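Asker: Numbering (the working numbering), first residue to last: -1 to 464. For every residue, glycine included, the Cβ atom is placed at its ideal position computed from N, Cα and C. Keep in mind it's a predicted model, so treat the numbers as computed, not measured.
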């Protein structure tokens, strides 16, 4: 990027309070940019950015835009936004967040982590394992270890979570890349699985010729794609043919143990404080690239044992001897299955109560049969909310009510809106001796899960004081 060095370049961000946008804002502020931004609602994120030096406000106003050199928009900003329209009218460059990240990466040694599922957790783990190398890391969700979605480092390493949903990951030209898996997803922007695979091939072939890409050998789509890749490729996973092989996976309650073999060398046992086999694969990807960049196996083992995940990824809001409240961003059948199986690993003897909101009509329609077969197999009770449209138009016969009608189960209930937390908690205590409530989906569910958790926590405090 070329800027007038006589003054700080001014970047304005519409939707600055989002997890992805706020992380970029923090990196820009640390890089001596002038940053302003707006968001629809007040939040702790806005106050933090303000404390770091950003000028922020709630609501969108053309009059407050000022004279930025560039405007960055999140994917949630629709046409017609007054700041967006004002920038276009004044011919101020308007770019998506991925393009800004790509520009920042161009000045560094870039690492891009992609995949249909698991990329947030993998980026989160990688960022923590690479701490000895002081990287800058930008994640699509808030990392609990940092209480932020980014961390600004002092080295040339720049790690980003690369989003394939709108093909924006094709803007990156990383030195190193990771792809966790490829699945049928985001059919609002892709024709079919072949189109998705083509896009990932294009992404991987943007890896530098002097770098390399790390792929999950246990993903059949990635195995199928390998002959189309023109840049150096290495594999991690279970079984022969892996440069980093995972062996002896032992899933134990809240954690998982496994052995890693690095090109025939046994690196010993690793402990991951996260449940689920899918997270073992995510951790292996992060370890593989960390080793390749010079971090020792001993350092990886030590840091992995205390690694923390991202918010809304199997995030436990409350737990006592009778009930636990857990929130997860899962909204695709593959992710939902992995999340629920991980919860069964942690809470094998509890009833599993799921509150789920499907996300997008196009996704629900494309994966209709998978959704229908998933929940009867895995949960004891289901509260199904209306589909979160995410700006999409409804599709005939694609609805939560229709799913409930097909299931025709007394313990699968349609909820026109989120349940009242107090009434939900009261019913749960009355009906179940031990239960885990899993609040699942990509929509605005955090307030409900946190309120429900606080009700149970207040009850426990009252019992303790009596």
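Buried or exposed, going by whether 16 or more other CB atoms sit within 10 Å of the CB of residue 274?
Answerer: Position 276 of the chain shown, counted from the first residue, corresponds to residue 274. By the 10 Å Cβ count, residue 274 comes out buried.
Asker: Tell me which residues share the same chain as residue 187 and place their Cβ nearer than 8 Å to its Cβ, disregarding the 5 neighbours each side in the sequence.
Answerer: Here residue 187 refers to the residue found at position 189 when the chain shown is read from its first residue. Cβ contact annotation for residue 187 (same chain, cutoff 8 Å, sequence separation greater than five): 163, 164 and 165, in chain order.
Asker: Nearest to residue 38 by CA position, among 31, 159 and 12, is which residue?
Answerer: On the chain shown, residue 38 is found 40 positions in, with the first residue counted as 1. Ranking 31, 159 and 12 by Cα distance to residue 38 puts 12 first.
Asker: With H, G and I counted as helix, E and B as strand and the rest as coil, what does DSSP make of residue 214?
Answerer: For the purposes of this step, residue 214 is taken as residue 216 along the chain shown, with counting starting at 1. Of the three classes helix, strand and coil, the one that applies to residue 214 here is strand, per DSSP.
Asker: According to DSSP, is residue 180 part of a helix, a strand, or is it coil?
Answerer: Numbered from 1 along the chain shown, position 182 holds the residue referred to as residue 180. Looking at residue 180 - three-state DSSP - the assignment turns out to be coil, as it is neither helix nor strand.
Asker: Quick one: what does DSSP say residue 138 is sitting in, helix, strand or coil?
Answerer: Position 140 of the chain shown holds residue 138. Strand.
Asker: When DSSP labels each residue in this structure, what does residue 82 get in the three-state scheme?
Answerer: On the chain shown, residue 82 is found 84 positions in, with the first residue counted as 1. Looking at residue 82 - three-state DSSP - the assignment turns out to be helix.
Asker: In three-state DSSP terms, what is residue 402?
Answerer: Numbered from 1 along the chain shown, position 404 holds the residue referred to as residue 402. Looking at residue 402 - three-state DSSP - the assignment turns out to be helix.
Asker: For residue 29, which of helix, strand or coil comes out of DSSP?
Answerer: The count along the chain shown starts at 1 and reaches residue 29 at position 31. DSSP places residue 29 in coil when its eight states are reduced to three.
Asker: Out of 330, 394 and 358, which one is the CA nearest neighbour of residue 371?
Answerer: The residue labelled residue 371 in the question sits at position 373 within the chain shown. Out of 330, 394 and 358, 330 has the C-alpha closest to the C-alpha of residue 371.
Asker: Going by DSSP, name the residue or residues bridged to residue 326.
Answerer: Residue numbering aside, residue 326 sits at position 328 when the chain shown is read from its first letter. Paired residue(s): 438.
Asker: Which same chain residues, not among the five before or five after residue 156, have their C-beta less than 6 Å away from its C-beta?
Answerer: For the purposes of this step, residue 156 is taken as residue 158 along the chain shown, with counting starting at 1. Contacts found: 103, 106, 108 and 134.
Asker: Closest by CA to residue 417, which one among 390, 431, 380 and 405?
Answerer: Position 419 of the chain shown holds residue 417. Of 390, 431, 380 and 405, the residue nearest in Cα terms is 380.
Asker: Output the distance between the C-alpha atoms of residue 14 and residue 121, rounded to the nearest integer angstrom.
Answerer: Along the chain shown, one-based indexing puts residue 14 at 16. Along the chain shown, one-based indexing puts residue 121 at 123. Cα-Cα distance, rounded: 21 Å.
Asker: Could you check the C-alpha separation between residue 403 and residue 199 for me, to the nearest Å?
Answerer: Here the question's residue 403 lines up with position 405 in the chain shown. Here the question's residue 199 lines up with position 201 in the chain shown. Spanning the two alpha carbons is a distance of roughly 40 Å.
Asker: One question on the structure: do residue 302 and residue 278 come within less than 8 Å of each other, judged by their Cβ atoms?
Answerer: Within the chain shown, residue 302 is the residue found at index 304, counting from 1. Within the chain shown, residue 278 is the residue found at index 280, counting from 1. No, the pair does not count as a contact, with Cβ atoms beyond the cut-off.
Asker: Taking the C-alpha atoms as reference points, what is the distance between residue 203 and residue 97?
Answerer: Counting from 1 along the chain shown, the entry for residue 203 is found at position 205. Counting from 1 along the chain shown, the entry for residue 97 is found at position 99. Between residue 203 and residue 97, the C-alpha separation is close to 18 Å.
Asker: Roughly how many whole angstroms lie between the Cα atoms of residue 99 and residue 49?
Answerer: Start at 1 with the first residue of the chain shown, and residue 99 comes out as number 101. Start at 1 with the first residue of the chain shown, and residue 49 comes out as number 51. Roughly 22 Å separates the two Cα atoms.
Asker: Flag this pair as yes or no: are the beta carbons of residue 63 and residue 85 separated by less than 8 Å?
Answerer: Stepping through the chain shown from its first residue, residue 63 is reached at position 65. Stepping through the chain shown from its first residue, residue 85 is reached at position 87. Yes, these two residues count as a Cβ contact at 8 Å.
Asker: For residue -1, which residues in the same chain have their Cβ closer than 6 Å to its Cβ, ignoring the five residues on either side in sequence?
Answerer: For the purposes of this step, residue -1 is identified with residue 1 of the chain shown, where counting begins at 1. Confidence in residue -1 is poor, its pLDDT being 48 and thus under 50, which makes the residue's placement unreliable; the coordinate value appears in the next sentence. 101.
Asker: What are the boundary residues of the beta strand (DSSP E) that includes residue 293?
Answerer: Within the chain shown, residue 293 is the residue found at index 295, counting from 1. Looking at the DSSP string, residue 293 is not in any beta strand (DSSP E), and its letter there is neither H nor E.
Asker: Classify residue 68 as helix, strand or coil using the three-state DSSP reduction.
Answerer: Translated into the one-based positions of the chain shown, residue 68 becomes position 70. If DSSP states are grouped into helix, strand and coil, residue 68 belongs with the strands.
Asker: What does a CB cutoff of less than 6 Å around residue 171 pick up in its chain, not counting 5 residues either side in sequence?
Answerer: Residue 171 sits at position 173 when you count from the first residue of the chain shown. For residue 171, where only same-chain residues beyond five positions count, the Cβ hits under 6 Å are 204.
Asker: So is residue 456 buried or exposed if we call it buried at 16+ other beta carbons inside 10 Å?
Answerer: The residue given as residue 456 occupies position 458 in the chain shown. Residue 456 comes out exposed.
Asker: Which runs of the alpha helix (DSSP H), 4 residues or longer, sit entirely within the segment 91 to 124?
Answerer: 95 to 104
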